[in-house]
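Throughout the sequence shown, residue numbering follows this note's numbering, covering 232 to 552 in sequence.
Note that CB positions come from ideal geometry on N, CA and C, so glycine has one too.
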Amino acid sequence: MYGYDIFHEDLMNSLITAVREGISSHAYIFEGDRGLDVESAARLFAAALTCANSEIAPCGACPSCVEAKAGTNPDIICVTPDSDRKTIGTKNMRALEGDAGIKPFAAKRKVYVFPDASLVTEPAQNVLLKTLEEPPEYAAFILVTENADTLLETIRSRSVIVHFPAVSESAVRKYIAEKYPEENDRLDFLAKYCAGIPKRADDIIADEGFEPLRKSALDNLPLLLGRRGTDVFKLQSYVDENKDDFVRILDFWTSFLRDVLLLQTGADDGIINVDKRDTLRRICAAHDPQRVVTTLDALTTAQKMTARYVNPKAVTYWLAL
Ligand SMILES: [Zn+2]
Numbered sequence: 232m233y234g235y236d237i238f239h240e241d242l243m244n245s246l247i248t249a250v251r252e253g254i255s256s257h258a259y260i261f262e263g264d265r266g267l268d269v270e271s272a273a274r275l276f277a278a279a280l281t282c283a284n285s286e287i288a289p290c291g292a293c294p295s296c297v298e299a300k301a302g303t304n305p306d307i308i309c310v311t312p313d314s315d316r317k318t319i320g321t322k323n324m325r326a327l328e329g330d331a332g333i334k335p336f337a338a339k340r341k342v343y344v345f346p347d348a349s350l351v352t353e354p355a356q357n358v359l360l361k362t363l364e365e366p367p368e369y370a371a372f373i374l375v376t377e378n379a380d381t382l383l384e385t386i387r388s389r390s391v392i393v394h395f396p397a398v399s400e401s402a403v404r405k406y407i408a409e410k411y412p413e414e415n416d417r418l419d420f421l422a423k424y425c426a427g428i429p430k431r432a433d434d435i436i437a438d439e440g441f442e443p444l445r446k447s448a449l450d451n452l453p454l455l456l457g458r459r460g461t462d463v464f465k466l467q468s469y470v471d472e473n474k475d476d477f478v479r480i481l482d483f484w485t486s487f488l489r490d491v492l493l494l495q496t497g498a499d500d501g502i503i504n505v506d507k508r509d510t511l512r513r514i515c516a517a518h519d520p521q522r523v524v525t526t527l528d529a530l531t532t533a534q535k536m537t538a539r540y541v542n543p544k545a546v547t548y549w550l551a552l
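Now the structure itself:
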C-alpha cells in the first residue's frame with residue numbers, strides 16, 4: 232500500500248480517509264503484535280499526515296512523501312532510546328518537548344513516531360503527558376506498542392487507540408509464499424502455526440533450532456501421556472537437556488495435543504501440525520481422549536507455573552504426576 236509493506240489495508244484506508252477529510256488527532260496509539268509490523272503502518276500514517284497534497288495524501292510524489300519513504304523527512308521524527316540506553320527517559324522527553332515547540336521544517340505537521348512506546352519510562356511518560364495535554368497545533372504523536380495497557384492511563388485517555396488485529400491465515404500464507412518460496416514444503420504448517428501474525432514466520436525460518444526442537448518435543452510427547460515410572464525419568468532427562476527451551480517445548484506439546492484432540496474428534500481440517508499428521512494419528516490411536524484432555528489441562532497450568540519462574544524440573548515432575 233503506497234509502497235509500504237503493511238498488513239491492514241482497510242484499517243489504514245479508513246484512518247487515511249479521515250486525514251484527507253481534515254479529521255485527525257494529536258495522539259495515536261497503534262497497538263498490535265510486533266509480527267504485524269505496526270511500525271510500517273505508523274510510518275505510512277506519518278507520511279499521510281505530512282503530505283503536501285492533503286486530498287490525496289499520501290500522494291507519494293511530493294518532497295515530503297518522497298522523504299518520508301526514504302526515512303529522511305525532517306518533520307517525521309523517530310523517537311528511540313539513545314544509543315547507550317535501553318529505555319527512553321525524561322531527558323529525551325524534555326528534549327522532545329523543546330523540539331515540539333519549533334514549527335515544522337517544511338510540512339504542515341510535525342510527527343513523532345515511537346516505534347516501541349513500551350520503552351518510555353513512567354517518569355518520561357509523565358513528561359510526555361504535558362506535551363500531549365497542550366500540543367502545538369501542528370504536532371502529532373504515534374505511539375506503537377504491543378500492549379496499550381503498559382502506557383499510563385492519562386496518556387491513553389488523550390490518544391486515539393487503534394488496535395491492529397491478527398490477520399487471516401490466507402494473508403499469512405501469501406506473505407510467507409512470496410518472501411520464502413523455498414519454504415513451500417512447510418507452508419501449510421507455517422501459515423497455521425503463525426496464528427495470524429505473519430512476521431512470526433521470519434523468526435521461525437531464521438531459527439535453525441526450531442525444527443529439531445519441535446521434532447524432539449513430538450518424539451517425547453508419548454512419555455508425557457504415558458503412565459509408567461520409567462517415562463517420568465526419561466521425560467525429566469529430556470527436559471533437563473533442553474531446559475533453556477522449556478517454554479517452547481511446552482508450546483509445542485500444547486499445539487500437538489490440541490491436534491491429537493481434534494483428530495480424535497474427527498476435525499482433521501483444524502489441525503496446525505499438518506506435516507506431522509501421521510505421527511499424531513498414531514499417538515491419537517494409542518491414548519484415550521480423557522488422558523489427552525487432562526494432560527492438555529495440566530500443560531496450561533505448567534505454562535502458568537513457568538511464567539512464574541518455577542524451574543523446569545519441578546514443573547516436569549508435577550506434569551508427570
Ligand atoms: Zn505527498
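Start-to-end residues for the alpha helix (DSSP H) that takes in Lys423:
The residue given as residue 423 occupies position 192 in the sequence shown. Here the alpha helix (DSSP H) through Lys423 covers 418 to 424.
Less than 8 Å between the C-beta atoms of Lys405 and Val505, yes or no?
As a working note, residue 405 is residue 174 in the sequence shown. As a working note, residue 505 is residue 274 in the sequence shown. For Lys405 and Val505, no; Cβs fall outside 8 Å.
Nearest-angstrom beta carbon gap, Pro346 and Glu298 [assumed within contact, 8 Å]
The residue you call residue 298 lines up with position 67 of the sequence shown. The residue you call residue 346 lines up with position 115 of the sequence shown. Contact flag wrong, Cβ pair sits at about 18 Å.
Just tell me which of Val310, Asn323, Glu262, Ala498 has its CA closest to the CA of Val375.
The residue given as residue 375 occupies position 144 in the sequence shown. Residue Glu262 is the option with its Cα nearest to Val375.
What number of angstroms, rounded off, separates the C-alpha of Gly460 from the C-alpha of Val358?
As a position in the sequence shown, residue 460 is number 229, starting the count at 1. As a position in the sequence shown, residue 358 is number 127, starting the count at 1. So the two alpha carbons sit approximately 59 Å from each other.
On the premise that Leu530 lies in contact with Thr485, defined as a C-beta separation below 8 Å, what is that separation, rounded to the nearest angstrom?
By one-based count along the sequence shown, residue 485 stands at place 254. By one-based count along the sequence shown, residue 530 stands at place 299. The Cβ separation is near 5 Å, so the contact holds.
Excluding five sequence neighbours on each side, which residues of the same chain lie with their C-beta closer than 7 Å to the C-beta of Gln356?
Taking the sequence shown and counting its residues from 1, one reaches residue 356 at position 125. Result list for Gln356: Leu382, Leu383, Ile386, in chain order.
In the DSSP assignment, what are the bridge partners of Val351?
Here the question's residue 351 lines up with position 120 in the sequence shown. According to DSSP, Val351 bridges with Ile319.
Considering Cα atoms alone, identify which of Asp433, Ala249, Ile247, Gly497 is closest to Tyr411.
The residue labelled residue 411 in the question sits at position 180 within the sequence shown. The candidate whose alpha carbon is nearest that of Tyr411 is Asp433.
Only counting the same chain, and skipping five residues up and downstream in sequence, which positions put a Cβ closer than 6 Å to that of Lys465?
Counted from its first residue, the sequence shown places residue 465 at position 234. If we look at Lys465 and ignore the five residues flanking it on each side, its Cβ neighbours are Leu454.
Does the beta carbon of Val250 sit closer than 8 Å to a beta carbon anywhere in chain C?
The structure shown contains no chain C; it holds only a single protein chain.
Work out the CA separation of Ala338 and Ala533 for me, nearest whole Å.
By 1-based counting over the sequence shown, the position of residue 533 is 302. By 1-based counting over the sequence shown, the position of residue 338 is 107. Their Cα atoms are separated by approximately 54 Å.
In three-state terms, what does DSSP make of Val393?
Residue 393 sits at position 162 when you count from the first residue of the sequence shown. Residue state, collapsed to three classes: strand.
With hydrogens ignored, establish whether the beta-carbon of Ser255 is closer than 7 Å to any heavy atom of ligand 1.
Indexing the sequence shown from 1 puts residue 255 at position 24. False, no ligand heavy atom lies under 7 Å from that Cβ.
What separation, rounded to the nearest whole angstrom, lies between the Cα atoms of Ser349 and Glu377?
Translated into the one-based positions of the sequence shown, residue 349 becomes position 118. Translated into the one-based positions of the sequence shown, residue 377 becomes position 146. The straight-line gap from Cα to Cα measures roughly 8 Å.
Pair within 8 Å by beta-carbon distance, Val351 and Ala371
Within the sequence shown, the letter at position 120 stands for residue 351. Within the sequence shown, the letter at position 140 stands for residue 371. No, the Cβ-Cβ distance between Val351 and Ala371 is not below 8 Å.
Look at Pro366 and Ala402 and say whether their C-beta atoms are less than 8 Å apart.
Start at 1 with the first residue of the sequence shown, and residue 366 comes out as number 135. Start at 1 with the first residue of the sequence shown, and residue 402 comes out as number 171. Contact: no.
Quick one: using the 10 Å Cβ neighbour count with 16 as the cut-off for buried, is Ile319 buried or exposed?
By one-based count along the sequence shown, residue 319 stands at place 88. Buried, by the Cβ-count rule.
Within 10 angstroms of its Cβ, does Leu552 collect 16 or more other Cβ (buried), or is it exposed?
Position 321 of the sequence shown, counting from 1, holds the residue named residue 552. It counts as exposed.
With respect to 7 Å, is the separation between the Cβ of Pro335 and the closest non-hydrogen atom of ligand 2 below this value?
Looking at this structure, you won't find ligand 2 anywhere; what it does contain is ligand 1.
What distance in whole Å lies between the Cβ atoms of Ile308 and Ser390, which are believed to be in contact at a cut-off of 8 Å?
Here residue 390 refers to the residue found at position 159 of the sequence shown. Here residue 308 refers to the residue found at position 77 of the sequence shown. That belief does not hold up - the Cβ atoms of Ser390 and Ile308 are roughly 17 Å apart, past 8 Å.
Using only the heavy atoms of ligand 1, determine whether one of them is closer than 7 Å to the beta carbon of Pro289.
Counted from its first residue, the sequence shown places residue 289 at position 58. Yes, since a heavy atom of ligand 1 falls inside the 7 Å radius drawn around the Cβ of Pro289.
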